[in-house]
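When we follow the working numbering, the leftmost residue of the first sequence carries the number 2, and every step to the right adds one.
We put the beta carbon where it would ideally sit given N, CA and C, even for glycine.
None of the values given here were measured: they were computed from a predicted structure.
Take a look at the structure set out below.
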Amino acid sequence: MSVYEQVIELAKRRGFFWPSFSIYHGESGFYDYGPLGVILRDNIVKIWKEAYLSDDTIFIDSPVIVPTAVFRASGHLEKFSDLATECASCHNRQKLETVMKAAGFQELLTTINEAGKFLSEHIVKCINCGKRITEAYDFKLMFRMPGQSGSGDLFLRPETAQGIFVNFKLLNNFYRNRLPMAVAQLGKGFRNEISPRQSLIRLKEFTQGEVEVFVDPEKKYWKEFHDDLEITLVPRTGMEIKMNIHAALEKHVMSSNAIAYFVHKTFEILSRIGVTPEKLRFRQQHTDELAHYSSDSWDAEAMLDGDWVEIVGIADRNDLKNHQTASGESMSVRIDDRDVIPSVIEPSYGIDRMFLSVLMHSFTINEKGFKVLKLPRDIAPYHAAVFPHLNKDGLDTMAKEFFEQIRRIDPYVTYDQSGSIGKRYARQDEIGTPYCITFDHESLADKSVTVRDRDSAEQIRISVNDLLSGPVMENKKLIEFSRQQAGP
RNA sequence: GCAGGUGUAGUGUAGUCUGGUCUAGCACGAGAGCCUUCCAAGCUUUCAACCCGGGUCCAAAUCCCGGCACCUGCACCA
């Protein structure tokens, strides 16, 4: 089994995630987060959110249901729906554009009527079987929902970004008309994918963390930053290189301080949540793969089972101009003596893909053949598990009492007294719990317990009072202990 | 969406070709109990499945049709 398959199996069995609606045979493109998945995802989101809060970013939360006008202005209405063809003979579906190109036609057809007329007047052949194609249809990548009479149709947003753009003036007013300004939003996005695949990688309903950084288009500057990292970069023109981001900026591999800054920041966030740096690269998109709204884009890609998968996109986009034109509202900001419409640098995080990458990169099999999820300690769903060594002599009641106390200090803990001690360790290893706290006969005498480290299986003895002094992950003795275990 | 493959307890599988002895087997798991002085030990016991719908047949997990889902490839990924 591949790592992906093993992670899927583990996720389903241990409650990280699974396909939605399965008692009704499921619905492709939708997944539930299970009990442990919810906690793990929240922990990942928390790190992302705090990384931006501590970097002068403001947050907003806007509706997932959005009126047509917004997407007319943003270009999604036009670009997000493709004219497509289906061959009447072999049922092969293609984008109209692709079929036209293959047939040697240059014409750009944008409406269903135009396309129908063109196809009836010209012979356009199916790429697959060579039979003539006579009809085109509209394929919408956005979910459309009927609006009330007069107000027009509504759409489920395909990205959270527009909710920030349409609020630009209010947000910038809140921010006292300064630039640069960074605004973030965490929320659901929806895309009617033709063929959702690979569980959390292509969902119809997904979670995004998007940050829109509004900058002076002439400078595209956010902040200086410290950087002693070597990061794998794949520029549009050239080979994969390991490079320092500052150097990349100086050598114009990256076009602006803002892009470089957020590539660097993204690298730090991803390493922090448990994406392995060696399995991470930043690749600049080729011009022909750029989204309609973007002029440059660096994708963070994670190596998952031999494939590079995009998990974060850092794009240079220019949406405000469109909204100014469409709405008639000025989006310009006064900088020195100039009125400028800000450019936007957008780091857009695919939370579900990050989540899956963290699981896959944390997944290990130990020398005994058992699975150990080596999650960063503080993002593990449970920080610690509490066991009685034996279910007798009062060990169980003592352990249970301790558990009730510690969970009031740190709710990310669990209790288990079923099966043998070894089985319980194995259960916790599989879900990534970094510490197992065990009450044994010595505990009865001196109120001390053993704490076992997930990655080394080594133990220390520590007093109950030390453990109850604060949250598990802030415990100085445990931090010291895990440092020793991580060492040589 | 196309082509091919697959679909059996929570998980992994046997059985499907060659319909009946399948009251669907096994392992892991989970629950209860016993035992047990630290890494999936053992014992007793319990739980739990033929993807859905239709058809053929005396008889369907097994054959046929339709649907759904998953996997691989192609296309798509704004």
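Proximal residues to Arg15 (C-beta, below 7 Å), its chain only, five neighbours per side dropped:
Leu37, Glu431, Ile432
How many Å lie between Asp57 and Lys126 at the Cα?
55 Å
Can you check DSSP and say which residues form a bridge with Tyr416?
Val387
Please specify which runs of the beta strand (DSSP E), each continuous and at least 3 residues long, are wholly inside the segment 2-47, giving them in chain order.
18-20, 32-34
Any idea what DSSP makes of Ile352, helix, strand or coil?
helix
Specify the secondary structure class of Lys126 as computed by DSSP and reduced to three states.
strand
8 Å contact criterion, which Val184 and Ile59 should meet: CB distance rounded
5 Å
Can you confirm whether the segment 308-325 touches the segment 252-267 when touching is taken to mean that 3 or more C-beta pairs between the two stretches lie within less than 8 Å?
yes
Rounded separation between Arg133 and Leu97 - CA only:
13 Å
I'd like the span of the alpha helix (DSSP H) that includes Ile59, first residue to last.
Ile59 -> not in any alpha helix (DSSP H); beta strand (DSSP E) instead, spanning 58-60.
Can you tell me which of Glu108, Val167, Arg145 puts its alpha carbon nearest to the alpha carbon of Ile556?
Because the chain is modelled from 2 through 489, residue 556 falls outside the range shown and cannot be assessed.
Roughly how far, in whole angstroms, is the beta-carbon of Ala137 from the beta-carbon of Ala116, given that I think they are within contact range, below 8 Å?
4 Å
Given Leu41, which residues of its chain have a CB within under 6 Å of its CB, disregarding the five upstream and five downstream residues?
Pro382
Assuming the contact rule is C-beta atoms closer than 8 Å, Tyr262 and Phe226 should be a hit. Round their C-beta distance to whole Å, please.
5 Å
Counterpart residues of Ser298 in DSSP-defined beta bridges
Ala316
So Ile380 and Ile165 are supposed to be a Cβ contact under 8 Å. How far apart are they, rounded?
The Cβ separation is near 27 Å, so there is no contact.
Three-state secondary structure (DSSP) at Leu490?
Any question about residue 490 goes unanswered here, given that the chain covers just 2 to 489.
Kindly indicate which three-state DSSP category Glu459 falls into: helix, strand or coil?
coil
Alpha carbon to alpha carbon, how far is Glu443 from Ser449?
7 Å
Contacting residues, own chain, Cβ-Cβ under 6 Å from Ala327 (five flanking each side not counted):
Ala74
Supposed contact pair Ala400 and Val387 - C-beta distance, whole angstroms, cut 8 Å:
6 Å
Please name the residue, chosen from Lys424, Val452, Pro343, that lies closest to Pro435 on a Cα-to-Cα basis.
Val452
Could you give the DSSP three-state label for Asp379: helix, strand or coil?
helix
My output table needs one value for Trp223: the three-state DSSP class, helix, strand or coil.
coil
Go to Thr233, then tell me how far its beta strand (DSSP E) extends in each direction, as first and last residue.
232-235
Go through its chain and collect everything with a Cβ distance to Leu1's Cβ below 8 Å, but skip five positions before and after it.
As displayed, the chain neither begins before 2 nor continues past 489, which places residue 1 out of reach and without an answer.
Bridge partners of Met335, per DSSP?
The sequence given here places Arg at residue 335; Met does not occur at that position. Per DSSP, Asp340.
In the DSSP assignment, what residue or residues form a beta bridge with Leu281?
Ala303
Quick check: Gln285 and Arg354, are their CB atoms within less than 7 Å of each other?
no
Mind checking whether Pro159 and Arg198 have CB atoms under 7 Å apart?
no
Straight-line Cα distance separating Lys189 from Glu213:
16 Å
Run of the alpha helix (DSSP H) containing Gly164, from where it starts to where it stops:
162-166
Burial state of His253, where buried means 16 or more other Cβ atoms lie within 10 Å
exposed
Between His287, Ser295, Val71, which lies nearest to Gly239 when the distance is taken from Cα to Cα?
His287
From Asp217 to Glu279, what does the alpha carbon distance come to, in whole angstroms?
34 Å
How would you write the range of the alpha helix (DSSP H) that Tyr262 sits in, first residue to last?
258-274
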